[in-house]
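All letters in the sequence shown, in the order written, are residues 201 to 781 by this note's numbering. As structure tokens, the structure follows; a few thoughts come after it.
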Amino acid sequence: MKKEDKPEEDARRAAERRVGAAFAMSLLTPEADPGKLPTLEARLLWQTRELREAAVTGLVERLGLKGEGGVFTEAQYEAARPGDPVTLEWQSAELTVRLRCVKLTAGLGEGLALPPKGKPRTSSAIGAAVRDRRTSARSWLAGDITGTAPTLALVELDRRADFETGDHDPKFALRLGFADAGAVTQFVTVPKKAGRYDSVKTVDHRVSMAWDDGLRQLGIRVHPEHGLGEKLPVGLRYAAVWLVRKNRTARNRWAAYVPIAVLVTPQRSGSGIAGVQGWDPEANAWIPYPALLLKLTRLAEVAVPGTENGEPGSYYRAMDKQRRDTEEWLQKMLRSLRGAPTLLLAHGQNARSHWTWLQDGQVEPDRIRDGHAPARRLHPNRRLVRVRTVQGRETPQWWGVNPKDEANGLPSHLWVPQCDGASRVFYSTTPKPAQFRTSAIEADKLAPRRAGEHKGDTRIDTNIPGWNPGLVEIAVLGCHQDDGDDPESLALAVHQMRQPPDYPQALALPLPLHLAGLGQEYVLPTLAEEVEDEASAVEDPQPTGADVIPAGDGAPDPAMAAGLFTEPDPEEDRQAPPSDV
Numbered sequence: 201m202k203k204e205d206k207p208e209e210d211a212r213r214a215a216e217r218r219v220g221a222a223f224a225m226s227l228l229t230p231e232a233d234p235g236k237l238p239t240l241e242a243r244l245l246w247q248t249r250e251l252r253e254a255a256v257t258g259l260v261e262r263l264g265l266k267g268e269g270g271v272f273t274e275a276q277y278e279a280a281r282p283g284d285p286v287t288l289e290w291q292s293a294e295l296t297v298r299l300r301c302v303k304l305t306a307g308l309g310e311g312l313a314l315p316p317k318g319k320p321r322t323s324s325a326i327g328a329a330v331r332d333r334r335t336s337a338r339s340w341l342a343g344d345i346t347g348t349a350p351t352l353a354l355v356e357l358d359r360r361a362d363f364e365t366g367d368h369d370p371k372f373a374l375r376l377g378f379a380d381a382g383a384v385t386q387f388v389t390v391p392k393k394a395g396r397y398d399s400v401k402t403v404d405h406r407v408s409m410a411w412d413d414g415l416r417q418l419g420i421r422v423h424p425e426h427g428l429g430e431k432l433p434v435g436l437r438y439a440a441v442w443l444v445r446k447n448r449t450a451r452n453r454w455a456a457y458v459p460i461a462v463l464v465t466p467q468r469s470g471s472g473i474a475g476v477q478g479w480d481p482e483a484n485a486w487i488p489y490p491a492l493l494l495k496l497t498r499l500a501e502v503a504v505p506g507t508e509n510g511e512p513g514s515y516y517r518a519m520d521k522q523r524r525d526t527e528e529w530l531q532k533m534l535r536s537l538r539g540a541p542t543l544l545l546a547h548g549q550n551a552r553s554h555w556t557w558l559q560d561g562q563v564e565p566d567r568i569r570d571g572h573a574p575a576r577r578l579h580p581n582r583r584l585v586r587v588r589t590v591q592g593r594e595t596p597q598w599w600g601v602n603p604k605d606e607a608n609g610l611p612s613h614l615w616v617p618q619c620d621g622a623s624r625v626f627y628s629t630t631p632k633p634a635q636f637r638t639s640a641i642e643a644d645k646l647a648p649r650r651a652g653e654h655k656g657d658t659r660i661d662t663n664i665p666g667w668n669p670g671l672v673e674i675a676v677l678g679c680h681q682d683d684g685d686d687p688e689s690l691a692l693a694v695h696q697m698r699q700p701p702d703y704p705q706a707l708a709l710p711l712p713l714h715l716a717g718l719g720q721e722y723v724l725p726t727l728a729e730e731v732e733d734e735a736s737a738v739e740d741p742q743p744t745g746a747d748v749i750p751a752g753d754g755a756p757d758p759a760m761a762a763g764l765f766t767e768p769d770p771e772e773d774r775q776a777p778p779s780d781v
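Right under this line is the structure:
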């Protein structure tokens, strides 16, 4: 993009976000007066003036808002409390934006009340400290939330390394407590300089990305239009499944297994608007995406200590129970999708250990199995696509061969393998991400440049990070070719969903899978209320980061090798450009 075109492009993206935000808010508050503009209300829980000012500016720029939203003194900001915040407000043609600013007080941003470094910390002590901070956070924020619709809180908090130990980091407890109060959360670190660490110079970028992630949690996303017309079924929706398995680690004292499903429903063609919903296994219904995130904190609760992953005993009995539960969950969720054409997406490395039908050697074209019954033909309204990535080196790195005597390149396309007959397997490549824009494909550490702009030059650029791109495989496992389905068109739609127009760069996974995978940020295993007091009397040995789900017979965990377990980055805010590419 040319530099002179950037302001116009930023304005276009901001307008799309406002339209998307208005639609998402109308879904969250269906009881609102239709004659009034939808209202996007968020909370800024700040600790330092520098980040507060940067966060306000970041929201204004992200949504293209006009004006300051109000003028307040520093004393007013300091005196604000839940229920009596400093409220900034903007009006646009699409919606009203209201930001409630409250300083994070009551000791919520301090380390958890645990023994100091070097002293033993049992699971029961950590559980009690998390429970106390969770309760305090819920009571504190509940004083500022009056409605029932999920809201967003942007929270300024020290990074994990700034607390006495990792166990003292309160982020886990704050996310749980604020979720109990009805708020999804996005954390951004306090700007500071410490040795080589400097988060002051990147504060503007970090708050901008934090707002983007926070709005995503409210279901505000611009859907990429496929532009394939009649080559795809009219009204095609996109569903994605993601199986979250949290193992017991030093940070996460309890293990949990929770399946997640997300449904993206595009609205009128050309608008970029789509409704984002999540599957509620208790109500057997689709609910707004942020409501699902809040519910995941409860779905991850452990009812009985020692049975987090199924019946006590061997690993294999626990895995067998999880697979049965997954199949039952799939059957109910898939039954709800029969009403309209739906493309179901699954990530091979993530799902195949529990949904074994996705494994090579098990899957059959244009059929599906989601239980013990034999495979059956796909429902007329359903299509099935399996995505595989470079995870576990299952797909190769790639490059494009230049037909001329010049440097090879990294072209971005959907690739169709040469084969006899119609292919069902395709490959997706996207442009080089921003954080590797300085890496040169023609670079050679051992010899002068062989081609390109600097051909023949001896250039030392070993300090520049290289980028080894990974191929994304798109396998159209099920469709209805006899009824006019074109596998290549379905694959192209999936490829295009890796490039939403409001993201600065491409995603590693198609948008529905991306949203489903990010739901694991809210799968935070804790003991259920009714067993916490009883469990606190049990002393657990200190687990290490390598500890896995208890296996009575000492069996290894093949799900780990299959890439099923994926922890989100503990630092959700970023100093570098986003890494989900």
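We treat Cβ as the ideally placed atom computed from N, Cα and C, and that holds for glycine. Keep in mind the model is a prediction, meaning the values are calculated, not measured.
Bridge partners of residue 597 according to DSSP: 670. Just so you know, the alpha carbons of residue 365 and residue 317 end up roughly 6 angstroms apart. Here DSSP, grouped into helix, strand and coil, assigns residue 473 to coil. Its Cα nearest to that of residue 293, the residue 223 stands out among 320, 223, 313, 722. Residue 461 places its beta carbon less than 9 angstroms from that of residue 533.
About 7 angstroms separates the CB atoms of residue 442 and residue 547; that is less than 8 angstroms, so the two are in contact. Rounded to the nearest angstrom, the gap between the Cα atoms of residue 419 and residue 310 is 30 angstroms.
According to the DSSP assignment, residue 714 belongs to the alpha helix (DSSP H) that extends over 711–718.
Three or more Cβ pairs closer than 8 angstroms define a contact, and the region 204–223 falls short of that threshold against the region 317–330.
Going by C-alpha positions, residue 578 is about 31 angstroms away from residue 670. For residue 291, the enclosing beta strand (DSSP E) stretches over residues 286–291. At a Cβ-Cβ threshold of 9 angstroms, residue 407 and residue 378 do not count as neighbours. Remark: fewer than three beta-carbon pairs, one from each stretch, lie closer than 8 angstroms, so the region 611–618 and the region 583–592 are not flagged as touching. The beta carbon of residue 386 is closer than 6 angstroms to those of 354, 410, 413, 414 in its chain, skipping five residues each way along the sequence. Contact between residue 700 and residue 715 does not hold, since their C-beta atoms are separated by about 10 angstroms, which reaches or exceeds 8 angstroms. In the DSSP secondary-structure assignment, residue 572 is not bridged to any residue. Residue pairing of residue 240 in beta bridges, as defined by DSSP: 297. The C-beta distance from residue 370 to residue 308 rounds to 7 angstroms, short enough to fall under 8 angstroms.
Residue range 323–342 is occupied by the alpha helix (DSSP H) that includes residue 340. Within the DSSP secondary-structure output, residue 460 pairs in a beta bridge with 442.
The three-state reading of DSSP puts residue 480 in strand, counting E and B together.
Residue 243 and residue 280 have their C-alpha atoms roughly 12 angstroms apart. At a Cβ-Cβ threshold of 9 angstroms, residue 473 and residue 220 count as neighbours. Here DSSP, grouped into helix, strand and coil, assigns residue 536 to coil. Residue 468 is classed as exposed because its beta carbon has fewer than 16 other beta carbons within 10 Å across all chains shown. Assigned with DSSP and collapsed to three states, residue 271 falls in coil, not helix or strand. Looking from the CA of residue 389, the closest CA among 247, 528, 676 belongs to 247.
Residue 726 holds the alpha-carbon nearest to the alpha-carbon of residue 497 among 360, 225, 726, 485.
Contact between residue 282 and residue 302 holds: CB atoms are separated by about 6 angstroms, below the 8 angstroms threshold.
Judged by DSSP secondary structure, residue 356 falls within the beta strand (DSSP E) whose first and last residues are 351–357. If you look at residue 543, you'll find it isn't in any alpha helix (DSSP H); it sits in the beta strand (DSSP E) that goes 542–547.
Between residue 494 and residue 382, the gap from beta carbon to beta carbon is short of 9 angstroms. Taking a 10 Å sphere around the C-beta of residue 596, we find fewer than 16 other C-beta atoms and assign the residue as exposed. Contact annotation, residue 373 with residue 723: C-beta distance approximately 15 angstroms; criterion of less than 8 angstroms not satisfied. Where residue 370 is concerned, there is no enclosing beta strand (DSSP E), because DSSP gives it neither an H nor an E. Under the three-state reduction of DSSP output, residue 386 falls in the strand class.
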